[in-house]
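Protein chains: 2
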Amino acid sequence: MYIGVDIGGTAIKIGLVDNEGNIVYKKQIDTKAKRGYLEIEKDIIGLIKSLINIAQDKGNKIKSIGIGVPGVADLEGNKVIYCPNLGWTNVPLGENLKKELKLPIYIENDATVAGIAESIKGITKGYKNSIFITLGTGVGGGIILGGKVYSGAHGIGSEIGHMIVGENFYDCNCGNNGCLETFSSATAIIKYAKKLIKEEKYETALLKKVNNDLMKLNSKMIFDSAKEGDQLANKVVDRMVRYLGIGIANLINILDPDVIAIGGGVSKAGDFLLEKVKKEVSKYVLYKEAKHAEIFLAELGNDAGIIGAALLSEYK
Amino acid sequence: MYIGVDIGGTAIKIGLVDNEGNIVYKKQIDTKAKRGYLEIEKDIIGLIKSLINIAQDKGNKIKSIGIGVPGVADLEGNKVIYCPNLGWTNVPLGENLKKELKLPIYIENDATVAGIAESIKGITKGYKNSIFITLGTGVGGGIILGGKVYSGAHGIGSEIGHMIVGENFYDCNCGNNGCLETFSSATAIIKYAKKLIKEEKYETALLKKVNNDLMKLNSKMIFDSAKEGDQLANKVVDRMVRYLGIGIANLINILDPDVIAIGGGVSKAGDFLLEKVKKEVSKYVLYKEAKHAEIFLAELGNDAGIIGAALLSEYK
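Top to bottom, those sequences are chains A and Z.
What the first sequence shows, in this note's numbering, is residues -4 to 311, in sequence order.
What the second sequence shows, in this note's numbering, is residues -4 to 311, in sequence order.
Here you go:
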């Protein structure tokens, strides 16, 4: 039996997971990031201990504990180096959990963890080399090569969202201009839609959808309006897809995986998005005649974080 | 003992190479690509047979034969899928050599092969994860992960030159716009220098260097003039370096290798180029505080193709 912890900006989810990636018990608390790292660490330790007890009551031993974080950890699973949403820099999460629990602890980026979950019981199951892309507030990535997590020589790889793919009208939070994240995240398309609404004189259904209050605009509304034929919404989607196509083709031209899975909130736009992306990717792949990566929508939902984190030890 | 064959657009080089990557005998013929594939294949087979005899005369057995091509081969080393400079599409080079010579045959992209050579006895020796970038007529790439060649799930990876990193004033030969190759190859900087000379009214030493005949312009002249303080030449170099910096930072943010080596004709600009590239890369790397890949100039010269090809079997 394994324990998986999925630390997010709003909630911390934890679960007992069996060898096949089935969640046999789960629990969730609010993150309340503002209270600071030490309080959160205390809660996490408490949650893990309660799950260890539950497992023991059923006669099960915990093999390892995995944690998904919205940021980056060191290769040894000792420190979380950086989690902007949580305000964490160089916090000794793994180190402290190892001391406290005397169990193997693994920490990885949340997109990597979701990618593992997809390859355990989702759409990338059976493929040895897969890339998982999350389209949410930002754009995240997880890379599995030869059946193992690939996070680089120093643990700072798979930052697909910060691949520079063009020039944009606003800078990325990271300070650079042209990051994939600034073209293809939910944040990016909302920003571009607002820009178009202000600058161009289209009739758009979006204004009705938000009752003329652009603060209410979200990515689902944009995709829904695009599906309904709204011109402005389609312009927004086309731009988002163009750069996502470039980003994915770059990954194919460099890494040539077996398969690429697209997940995260924006991927709920479904086949409407997927078909456009596939068409766009095919324009930019270098060896068009050769077999190259298939592109799918991710299959797993909210539990992916727990499942992938739990089985991290098997992918290291 | 191994045999390495380096097939280029102008010359075919072949060598007998020992376990440590030392060339003990070598030979070279003109490619004369226009005569077509079958004639060239015949010559290659002849050359290899003569080297097998030389090895046998000295009491050495050939373990395997490796071939570097300016293009892409299938994963099995049977077919060369595409070599634009040679006019080859789907030629059965590996298949035919295996039949004729009854020895293990490996075929890889020439940049990958040069990357292997650097990791055998060049600047990336001792590193498990390295990326080799050649800056020449085009921009090529070779990726070594965990001490093995990484060419992808279908053998079409490591095409670093066709990573799209911006928007350019002319299209790439591949049909796309914004490929790294169109910013940072010798061809690219010559093109941009010509554009600036035509469009802008700089005084430039370049015009003197080519006796007002822009057909004579080459990348060495541009770097030499930049080193001498020529304003236009520096503008050309700065643009080239900017996009190379973006491309390398993209590789670090995604693949996070131990080390990156820059080779090819343009790399002869030396530390003048290297220092600028390092500075530019550091702007675009996401985790600036974390340890990340060191960047070096490649060390090996013309023989890299033979050495890397010869020892391909050890890196597969």
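Glycine included, C-beta positions come from ideal geometry on N, C-alpha and C.
Contact between the stretch 122 to 141 of chain Z and the stretch 254 to 262 of chain Z is present, with at least three C-beta pairs closer than 8 Å.
Straight-line spacing of the CA atoms in residue 289/Z and residue 161/Z works out to 24 Å.
Ranking 10/Z, 32/Z, 239/Z and 22/Z by CA distance to the CA of residue 77/Z puts 32/Z first. Counting only residues of its own chain and dropping the five nearest sequence neighbours on each side, residue 297/Z has a CB closer than 8 Å to the CB of 8. Listed as beta-bridge partners of residue 101/A by DSSP are 61/A.
With its beta carbon at least 9 Å from every one in chain Z, residue 53/A lies outside the interface.
Boundaries of the beta strand (DSSP E) harbouring residue 129/Z: 125 to 130, taken from the DSSP string. Counting only residues of its own chain and dropping the five nearest sequence neighbours on each side, residue 145/Z has a CB closer than 8 Å to the CB of 138, 139, 152 and 153. In terms of beta-carbon proximity, residue 278/Z lines the interface with chain A, with at least one pair separated by less than 9 Å. Residue-level contact by beta carbon fails for residue 93/Z and chain A, as no gap is shorter than 9 Å. Going by C-alpha positions, residue 273/Z is about 21 Å away from residue 106/Z. DSSP places residue 85/Z within a strand segment (E or B) once states are collapsed to three.
In the structure shown, the three-state DSSP call for residue 266/A is helix.
For residue 176/A, the enclosing alpha helix (DSSP H) has its first and last residue at 176 to 179. Here the C-alpha atom of residue 183/A lies approximately 29 Å from the C-alpha atom of residue 124/A. Per the DSSP secondary-structure output, residue 23/A pairs in a beta bridge with 8/A. Below 8 Å, too few C-beta pairs join the stretch 209 to 219 of chain Z and the stretch 238 to 250 of chain Z to call them touching: fewer than three. The C-beta of residue 145/Z comes closer than 9 Å to at least one C-beta of chain A. Here the alpha carbons of residue 16/Z and residue 114/Z stand approximately 10 Å from one another. Residue 140/A belongs to the set of residues whose beta carbon lies under 9 Å from a beta carbon in chain Z. Our two residues, residue 127/A and residue 64/A, have alpha carbons roughly 16 Å apart in a direct line.
Selection 191/Z, 263/Z and 104/Z evaluated against residue 230/Z yields 191/Z as nearest (Cα-Cα). In this structure, the beta-carbon distance from residue -3/Z to residue 308/Z falls below 9 Å. Residue-level contact by beta carbon fails for residue 165/A and chain Z, as no gap is shorter than 9 Å. By the criterion of at least three beta-carbon pairs nearer than 8 Å, the stretch 168 to 182 of chain A is not in contact with the stretch 92 to 106 of chain A. In this structure residue 305/A does not touch residue 109/A by the C-beta definition: roughly 12 Å separates them, more than the 8 Å allowed.
Three or more Cβ pairs drawn from the stretch 85 to 96 of chain Z and the stretch 30 to 48 of chain Z lie within less than 8 Å of each other, which places the two stretches in contact. Taking C-beta separations shorter than 7 Å and ignoring five residues to either side along the sequence, the partners of residue 294/A in its chain run 113, 117 and 118, following chain order. Here DSSP, grouped into helix, strand and coil, assigns residue 145/Z to coil.
Within chain Z, the C-beta atoms nearer than 8 Å to that of residue 281/A come from 151, 154, 157 and 169, in chain order. Residues of chain Z with a Cβ closer than 7 Å to the Cβ of residue 286/A are, in chain order, 149. Taking the C-beta atoms as reference points, residue 58/Z is found nearer than 9 Å to residue 99/Z. Taking CB atoms only, residue 233/A has no neighbour in chain Z less than 9 Å away.
With 16 or more other Cβ atoms inside 10 Å of its own Cβ, residue 136/A counts as buried. Secondary-structure assignment with DSSP links residue 1/Z through a beta bridge to 8/Z and 63/Z. For residue 77/Z, the enclosing beta strand (DSSP E) covers residues 75 to 78.
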